[in-house]
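Taking it in order: structure first as structure tokens, then the write-up.
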Amino acid sequence: MPTPSRKPHSQSEHKLRPIPSQHISSGFMTLKRSNLCLSVDVSTTNQLLHLANAVGPSIVVLKTHYDLITNWDYNPTTGTGARLARIARRHGFLIFEDRKFGDIGNTVQLQYTEGTAKIIEWSHITNVNMIPGKAAVDALADAAVRWRERKRYEVKTDISVGTPRPESLDSDNEDETVTPMPEYQSLDVERAANAGRKASIVSITTVSQHFEPVNSPRSYDNFEDEPFEGIEEAPMERGLLILAQMSTKGNFMTKEYTDACVESAREHPDYVMGFISQESLNTEPTDEFISMTPGCQLPPESEDEDAEIEGDGKGQQYNTPSKIVGLMGNDIVIVGRGIINAGDPVREAERYRGYAWKAYEERTSS
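Read in my numbering, the sequence shown has 219 at position 221, and its numbers run on one by one without any break.
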């Protein structure tokens, strides 16, 4: 049987610094009294940013599909990812790019850290399909470690322009202190050096970066650059969810597959924060994995909360927050169209948050 989840702590215990993402339940959830994830399957940047800003106060996770956005801006400092990360910090939620990586280790590493989107730069959480085997999880964990080490350095830009002294160019007897050279040099400076000429003016720019998820223009949301109350710094950690179970009818995820997902998660407890699953998969006393569950739907307000809910006719099956959280032991409900297509998404998000959090408190306090 799944082990009981931890009881929520008081808000005073959670003045949050950079948060290990696997501690989301005792951090963001308790701080915001929310266990709601909004799935924003929309097609334009404006829709994405508008919904994130409007519903942000009610959620702890925002689930994205960047490749659905027809006008996604890939600029790493002013583009869509950076702007979204700024909103996330302001409202106190984590970004989850639902990428479902599913390839050999080398390929998923590159898809995660390189390419057009550079997902690791702006998304706190991503996920993996374990069909290719454990190597994909190993590779993503390794990429996250290397990214984190690189991002420990503060952004600094030092520009020095002047006429170098002859001895600074020619002397082989310099001081023993070594000044690191920039990773990339001016092409003109390199050519001058290669040709044996002394450059009259040398300009060197040394840049090293750290992750700052609020480095976006202020033109969109026009609010001060302040984090959500209780969060001192933007989360530096990265987390992974393993796709262990699905809510779609007739899926092929067997018990053997799910067991392998849990085994892989236990091998990377500092990176794998939990699962996309239909039930809690914490079966050992030391397991503290989050379970996030799609297929959450509430009936209309005029009907009973536990009324039967039909699927969407496309394979998706729905359950209520009380069943997903209270009976099945999951932690976070994922809601998409139930909120996005509502006449008042902000009000509907609060309705979902209220029901889901009530179920979570009742389960964890018993």
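Glycine included, every Cβ here is placed at the ideal spot set by N, Cα and C.
Open item on the list: Assuming residue 99 and residue 110 are in contact, meaning their beta carbons sit under 8 angstroms apart, how far apart are those beta carbons, in whole angstroms?
Closed with: As a working note, residue 99 is residue 101 in the sequence shown. As a working note, residue 110 is residue 112 in the sequence shown. So it is a contact: roughly 7 angstroms between Cβ atoms.
Open item on the list: Quick check on DSSP: helix, strand or coil for residue 228?
Closed with: As a first step, residue 228 must be located in the sequence shown, where it is residue number 230. The answer is coil: DSSP assigns residue 228 none of H, G, I, E or B.
TODO: Output the boundary residues of the beta strand (DSSP E) element that contains residue 60.
DONE: For the purposes of this step, residue 60 is identified with residue 62 of the sequence shown, where counting begins at 1. Looking at the DSSP string, the run of the beta strand (DSSP E) that includes residue 60 is 59 to 62.
Open item on the list: Can you look up residue 264 in the DSSP assignment and give me helix, strand or coil?
Closed with: Mapped onto the sequence shown, residue 264 falls at position 266. Residue 264: helix per DSSP, three-state reduction.
- [ ] Would you mind working out which of 53, 49, 25, 44 sits nearest residue 348, comparing C-alpha positions?
- [x] Taking the sequence shown and counting its residues from 1, the one referred to as residue 348 is at position 350. The shortest C-alpha separation from residue 348 is found at 53.
Open item on the list: What would DSSP say about residue 238, mapped onto helix, strand or coil?
Closed with: What you label residue 238 is simply residue 240 of the sequence shown in a count that begins at 1. In the structure shown, residue 238 sits in a strand (DSSP, three-state: E or B).
Task: CB of residue 69 within 7 angstroms of CB of residue 42, strictly - done: For the purposes of this step, residue 69 is taken as the residue at position 71 of the sequence shown. For the purposes of this step, residue 42 is taken as the residue at position 44 of the sequence shown. In this structure, residue 42 lies closer than 7 angstroms to residue 69 by Cβ.
TODO: Determine which residues share a DSSP beta bridge with residue 287 and list them.
DONE: Translated into positions along the sequence shown, residue 287 becomes position 289. DSSP, once it has assigned bridges, lists no residue as partnering residue 287.
Open item on the list: I'd like to know whether the C-beta atoms of residue 288 and residue 329 end up nearer to each other than 7 angstroms.
Closed with: Working through the sequence shown from its first residue, we reach residue 288 at position 290. Working through the sequence shown from its first residue, we reach residue 329 at position 331. Yes. Within cutoff.
Open item on the list: Quick check: what's the CA-CA separation for residue 133 versus residue 264?
Closed with: Along the sequence shown, one-based indexing puts residue 133 at 135. Along the sequence shown, one-based indexing puts residue 264 at 266. The straight-line gap from Cα to Cα measures roughly 14 angstroms.
TODO: Decide if residue 102 is buried, meaning its Cβ has at least 16 other Cβ atoms within 10 Å, or exposed.
DONE: Taking the first residue of the sequence shown as position 1, residue 102 is located at position 104. That one is exposed.
- [ ] Please name the residue in 35, 49, 47, 139 whose C-alpha comes closest to that of residue 235.
- [x] The residue you call residue 235 lines up with position 237 of the sequence shown. Each of 35, 49, 47, 139 was checked against the Cα of residue 235, and the nearest Cα belongs to 139.
Open item on the list: Let me check understanding here. Comparing Cα to Cα, which of 49, 119, 78 lies closest to residue 144?
Closed with: Start at 1 with the first residue of the sequence shown, and residue 144 comes out as number 146. It is 119.
Open item on the list: For residue 340 and residue 332, what's the separation of their Cα atoms in angstroms?
Closed with: The sequence position of residue 340 within the sequence shown is 342, counting from 1. The sequence position of residue 332 within the sequence shown is 334, counting from 1. Their Cα atoms are separated by approximately 15 angstroms.
Open item on the list: Contact defined as beta carbons within less than 8 angstroms: I believe residue 318 pairs with residue 303. What is the distance between those atoms, to the nearest angstrom?
Closed with: Position 320 of the sequence shown, counted from the first residue, corresponds to residue 318. Position 305 of the sequence shown, counted from the first residue, corresponds to residue 303. Indeed, because the Cβ distance is near 6 angstroms, the residues count as touching under 8 angstroms.
- [ ] Determine which residues share a DSSP beta bridge with residue 92 and list them.
- [x] Numbered from 1 along the sequence shown, position 94 holds the residue referred to as residue 92. Residue pairing for residue 92: DSSP places it in a beta bridge opposite 59.
TODO: Would you mind working out which of 296, 240, 358 sits nearest residue 267, comparing C-alpha positions?
DONE: Locating residue 267 in the sequence shown gives position 269, counting from the first residue. Nearest C-alpha to residue 267: 240.
Task: Own chain, CB closer than 6 angstroms to residue 334, minus 5 neighbours either side, in chain order - done: Here residue 334 corresponds to residue number 336 of the sequence shown, with the count starting at 1. Excluding positions up to five away in sequence, the list reads 37, 39.
Task: residue 30 burial status per 10 Å Cβ neighbour count (16 or more: buried) - done: In the sequence shown, counting from the first residue as 1, residue 30 sits at position 32. That one is buried.
Open item on the list: Please state the DSSP three-state secondary structure of residue 98.
Closed with: Position 100 of the sequence shown holds residue 98. Strand, per DSSP.
Task: residue 272 - partner residues in DSSP beta bridges - done: Reading the sequence shown from its first residue, position 274 is the one you call residue 272. Paired residue(s): 239, 288.
Task: Best match in 86, 269, 322, 259 for proximity to residue 292 [C-alpha to C-alpha] - done: One-based indexing of the sequence shown puts residue 292 at position 294. The option with the nearest alpha carbon to residue 292 is 322.
Open item on the list: According to DSSP, is residue 181 part of a helix, a strand, or is it coil?
Closed with: Indexing the sequence shown from 1 puts residue 181 at position 183. Because residue 181 carries a pLDDT of 41, less than 50, the predicted location of this residue cannot be relied on, and the following value inherits that uncertainty. Note: residue 181 maps to coil in three-state DSSP.
Task: Whole-angstrom distance between residue 86 and residue 34, CA atom to CA atom - done: Counted from its first residue, the sequence shown places residue 34 at position 36. Counted from its first residue, the sequence shown places residue 86 at position 88. Near 14 angstroms, if we compare the C-alpha coordinates of residue 86 and residue 34.
- [ ] Give a yes or no on whether the C-beta atoms belonging to residue 121 and residue 351 are separated by under 7 angstroms.
- [x] Counting from one through the sequence shown, the residue named residue 121 turns up at place 123. Counting from one through the sequence shown, the residue named residue 351 turns up at place 353. The answer is no: Cβ separation not under 7 angstroms.
Open item on the list: Determine whether the beta carbon atoms of residue 50 and residue 60 lie at a separation below 7 angstroms.
Closed with: As a working note, residue 50 is residue 52 in the sequence shown. As a working note, residue 60 is residue 62 in the sequence shown. For residue 50 and residue 60, yes; Cβs fall inside 7 angstroms.
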